[in-house]
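Right, one structure below, let's go through it.
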Amino acid sequence: MNPTIVADVVRVLEAWAPPSLAMEGDRIGLQVGRMDKPVHRVAVALDPYPAVVDEALSAGADLLVTHHALIYRPLHRIDTGTARGRALARALAADLAVFNAHTNLDIAPGGVNDVLAERLGLTNVEILDRIANEQLRKLVVFVPTDHHEAVLQAVCSAGAGHIGAYSHCTFNTPGTGTFLPGEGTKPFIGSPGKLEWTAETRLETVVPERLVEPVIRAMLAAHPYEEVAYDLYPLEIMGKPYGIGRVGQLANPQPLHAFAQTVRDRLGLAHIRYSGRADCVVRRVAVLGGSGGRWVPHALRAGADVLVTSDCDHHTVAEAWQDGLAVVDATHAALERPVLERVAERIREGCGGSVDVWVCAGPEDPFHWV
1 MNPTIVADVV RVLEAWAPPS LAMEGDRIGL QVGRMDKPVH RVAVALDPYP AVVDEALSAG
61 ADLLVTHHAL IYRPLHRIDT GTARGRALAR ALAADLAVFN AHTNLDIAPG GVNDVLAERL
121 GLTNVEILDR IANEQLRKLV VFVPTDHHEA VLQAVCSAGA GHIGAYSHCT FNTPGTGTFL
181 PGEGTKPFIG SPGKLEWTAE TRLETVVPER LVEPVIRAML AAHPYEEVAY DLYPLEIMGK
241 PYGIGRVGQL ANPQPLHAFA QTVRDRLGLA HIRYSGRADC VVRRVAVLGG SGGRWVPHAL
301 RAGADVLVTS DCDHHTVAEA WQDGLAVVDA THAALERPVL ERVAERIREG CGGSVDVWVC
361 AGPEDPFHWV
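Under my numbering, the first residue of the sequence shown is numbered 1, with each subsequent residue one higher.
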């Protein structure tokens, strides 16, 4: 068995949170290291602070996966007198690969905002602000009748054929295929130099653009022909929506003051701040991990009673409050830390248990309460 390498871990994470979902100008992906480096241990953290890099190295990590970027703004020099410079120098000196998924992980299904919605017990969860729709392709492949089901199962197991809550959605038309094997070929059916007529099925299905490569690989592996005839068409229909933030219902409505305490407790904070009438009833909640003040208008349009986010300034909160939207302002780190265990789980499962993965215990939140 080939050893797991950085590229394998990256494939797992980018299948979940594709780079195409990242917001414009974001800095994501492998920032230090090389894709072919063998990986035995993976550390997961929110920020690549020097203490986090040290912890990862002390524990023998080959790869550090973070949410926030080690290199965000263009570097003109590496100043080892700064925290970022020290972290970068230590990673380079120890050949520690450093990878990050930021807004693509915020937007991805099951990412930062879905984990936050789960943590707060929201139901009937929807996207707060749609950013894009998944691009779709139509795959058409011609299969000999006796291998039709095997190819169908292969492409659908690889991610093709999903429409809403339904899987294995295909259309299948019987017909007759012809081919004339040339000199030096080894046809599955027929003989070189002789025109062959064979019963085939035209199998067609829809494929998300991000899954085209694995679906085609699965199709080719299951198909018996030496040369497979297939077509791939772009589709104009809108696929699955993707967006930032989530909005959902509280299973048990609470007064705002009690809801703020619930947020505090479930995020493991000592204190929390909120705006709005303490006795107003919270039924519908918008959440946005990280700095979410500019999504106040979206929360209002979505009918939310409160927006749970961080880094809000006085004027944003004051205007939201007067427009009827309460704001619960937690710390940036507290809102995003819950996703780290999910990241670790994804890596473990995606790599088949071939790597040891843990969430760093190092410093994350720069704020302390007194």
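The beta carbon of each residue, even a glycine, is placed where N, CA and C say it ideally should be. Predicted model, so just to flag it, every value in this text is computed and none were measured.
Check                                                                                                                                                                : Outcome
Which term fits Met23, buried or exposed, when burial requires 16 or more other beta carbons within 10 angstroms of its beta carbon?                                 : exposed
Determine the direct distance from the alpha carbon of Gly81 to that of Asp107, and round the result to whole angstroms.                                             : Inspection of the sequence shows that residue 107 is occupied by Ile rather than by Asp. Distance between the alpha carbons of Ile107 and Gly81: 34 Å.
When the Cβ atoms of the stretch 30–42 are set against those of the stretch 1–19, are three or more pairs found closer than 8 Å?                                     : yes
Can you tell me the Cα-Cα spacing of Leu180 and Ala199, whole angstroms?                                                                                             : 15 Å
Should Trp197 be labelled buried (16 or more other beta-carbon atoms within 10 Å of its own) or exposed?                                                             : exposed
Do Gly33 and Pro136 count as a contact pair if the criterion is CB distance below 8 Å?                                                                               : Sequence inspection shows Leu at residue 136; the Pro mentioned does not correspond to that position. The answer is no: Cβ separation not under 8 Å.
State the Cα-Cα distance for the pair Val115 and Thr145, rounded to the nearest angstrom.                                                                            : 44 Å
So what does DSSP say about Pro50, is it helix, strand or coil?                                                                                                      : helix
Return yes when the Cβ of Pro224 is within less than 8 Å of the Cβ of Gly159, no when it is not.                                                                     : no
Just the C-alpha distance for Leu92 and Gly121, rounded to the nearest angstrom, thanks.                                                                             : 41 Å
Tell me which residues share the same chain as Val112 and place their Cβ nearer than 7 Å to its Cβ, disregarding the 5 neighbours each side in the sequence.         : Leu105, Asp106, Gly289, Glu336, Val339
Do Leu139 and Leu232 have their beta-carbon atoms positioned less than 8 Å apart in this structure?                                                                  : yes
Between the Cα of Val308 and the Cα atoms of Asp323, Tyr49, His148, Ser275, which residue gives the shortest distance?                                               : Ser275
Mapping the DSSP letters down to three states, classify Val285 as helix, strand or coil.                                                                             : strand
Please report the straight-line C-alpha distance between Pro363 and Glu126, rounded to a whole angstrom.                                                             : 32 Å
Under DSSP, the beta strand (DSSP E) around Pro208 begins and ends at which residues?                                                                                : 196–208
To the nearest angstrom, report how far apart Ala117 and Arg266 are at their CA atoms.                                                                               : 11 Å
Buried or exposed, going by whether 16 or more other CB atoms sit within 10 Å of the CB of Glu14?                                                                    : buried
Measure the beta-carbon distance from His168 to Thr201 and round it to whole angstroms, keeping in mind my assumption that it falls under 8 Å.                       : Actually they are not in contact, since the Cβ atoms of His168 and Thr201 sit about 15 Å apart, beyond 8 Å.
Between Val355 and Val44, is the Cβ-Cβ spacing less than 8 Å?                                                                                                        : no
Spatial neighbours of Cys156 within its chain, please: CB distance less than 6 Å, with the 5 preceding and 5 following residues excluded, ordered by chain position. : His168
Hey, is Ala320's beta-carbon within less than 8 Å of any beta-carbon in chain D?                                                                                     : Among the chains of the structure shown, chain D does not appear; only one protein chain is present.
Report the three-state DSSP secondary structure of Trp321 (helix, strand or coil).                                                                                   : helix
Does the Cβ-Cβ distance between Val328 and Asp305 come in under 8 Å?                                                                                                 : no
In the structure shown, what three-state DSSP assignment does Pro19 receive?                                                                                         : helix
Please name the residue, chosen from Ala299, Ala302, His332, Gly293, that lies closest to His314 on a Cα-to-Cα basis.                                                : Gly293
Would the beta-carbon of Gly164 fall within 8 Å of that of Trp16?                                                                                                    : no
Mind checking His298: buried by the 16 CB within 10 Å criterion, or exposed?                                                                                         : buried
Nearest by alpha-carbon distance to Val141: which of Thr123, Leu195, Ala101, Leu203 is it?                                                                           : Leu203
In angstroms, rounded to a whole number, what distance separates the CA positions of Tyr72 and Arg90?                                                                : 17 Å
State the start and end residues of the unbroken beta strand (DSSP E) segment that holds Glu126.                                                                     : 122–133
Contact check, Leu372 vs Pro48 under 8 Å by CB: the rounded distance?                                                                                                : For the chain, the structure presents residues 1 to 370; residue 372 sits outside this window and is missing.
Around the Cβ of Ala318, are there at least 16 other Cβ atoms within 10 angstroms (buried) or fewer (exposed)?                                                       : exposed
Could you tell me if Gly175 is buried or exposed, where buried requires 16 or more neighbouring beta carbons within 10 angstroms of its beta carbon?                 : exposed
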